[in-house]
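Student: Questions regarding the structure given below will be posed in turn.
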Amino acid sequence: MKRIITLILLVIITTAGIKAQSFRAGIKAGGNLTKIDGESFNQGFQLAYQVGGFAEIDFNKKWGIQPEVLWSQSATKSATFNTIFFPDQNIKLDYLSIPVLLRYNLGSLVTLNAGPQFGILLNKNDNLLQNGQTAFKSGDFAMVGGLQLNFKYLRVYGRYAIGLNNLNDINNQNNWKSQQIQLGIGLRF
542 MKRIITLILL VIITTAGIKA QSFRAGIKAG GNLTKIDGES FNQGFQLAYQ
592 VGGFAEIDFN KKWGIQPEVL WSQSATKSAT FNTIFFPDQN IKLDYLSIPV
642 LLRYNLGSLV TLNAGPQFGI LLNKNDNLLQ NGQTAFKSGD FAMVGGLQLN
692 FKYLRVYGRY AIGLNNLNDI NNQNNWKSQQ IQLGIGLRF
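Structure representation (C-alpha cells):
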C-alpha cells in the first residue's frame, strides 16, 4: 500500500512539474498542536514539532499544487482513568507525512491550501500499552486546509488537519481520530 501511494505521488508530481509555469522548492519547520479524540486520551492539545521540505508548482497565476514531505510529531496524553494505557502517560507518535495540497493564489501575498495528507507511522510505541500490544495503526489519512503568506523567500503558514480514519489498532470499540493545528515558517530557494 505504501508503495502504491508513493508511486501515485511521484506520477502526480512529475506530471505537474512538466506542465508547470513555475517551480519553487524549500524547507519548512513549525509547531503542531495535536490531540487524539477518544475516551482513552485527554481532550487537550499538546505541543509537538514538524520539519521537512516542500515544492510549489504553479500551473498559472491562480492555481497549482504543493506536495510536501514532513517528519511530523503528534503528542497526546492518556486519560487519568484508562484501561488500555498507563494513566497520565505522555504519548508521542512520529509520522512521515505527505500532504499533496491544491494551491489557490489570492494574490502574490496570500495562498489558500487544501488537500489530503498521508501519514506513515514511524514508531509503534509497543511499550505504551499495559499488555505490550501495538496500539496505533501504521497509517493516518487526513484532510488539510489552511492559509499561507508568501514573502519573497519566506513562507508563514497556518493549517488545520483532521484525521479521517480510526487510529485504534487494539479493538474496534473506540474510535481514535487525530486533530492537528500546524503553524510554521518556510524558506524557499
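When you line the sequence shown up against the numbering used here, it's residues 542 to 730, in that order. C-beta atoms are modelled at their ideal positions from N, C-alpha and C, and glycine is treated no differently. Quantities reported herein were computed from a predicted structural model and do not represent experimental measurements.
Output needed for N664: all residues of its chain with C-beta closer than 6 Å, excluding positions within five of it in sequence on either side, in chain order.
Tutor: So the qualifying residues of the chain are D635.
Student: Compare the Cα-Cα distances from A655 to each of I639, S613, L662, F677 and report the closest residue.
Tutor: Of the listed residues, the one whose Cα sits closest to A655 is I639.
Student: Run through DSSP, which three-state label would L574 get?
Tutor: Note: L574 maps to strand in three-state DSSP.
Student: Can you find the residues in the same chain that come closer than 8 Å, C-beta to C-beta, to F682, ignoring five residues on each side of it along the sequence?
Tutor: P657, Q658, F659, G660, G704, L705, N706, listed in sequence order.
Student: Which partner residues does K718 have in the DSSP bridge list?
Tutor: Answer is D578, bridged to K718.
Student: Does DSSP put L663 in a helix, a strand or coil?
Tutor: Note: L663 maps to coil in three-state DSSP.
Student: Is the distance from the Cβ of F600 to the Cβ of G567 below 8 Å?
Tutor: Cβ distance not < 8 Å, so F600 and G567 don't count as in contact.
Student: Measure from the alpha carbon of I606 to the alpha carbon of each residue in A616, S719, N646, N631, then state which is nearest.
Tutor: Selected option, being the one with the closest Cα: N646.
Student: What's the C-alpha gap between M684 and V641?
Tutor: Each residue's alpha carbon lies about 10 Å from the other.
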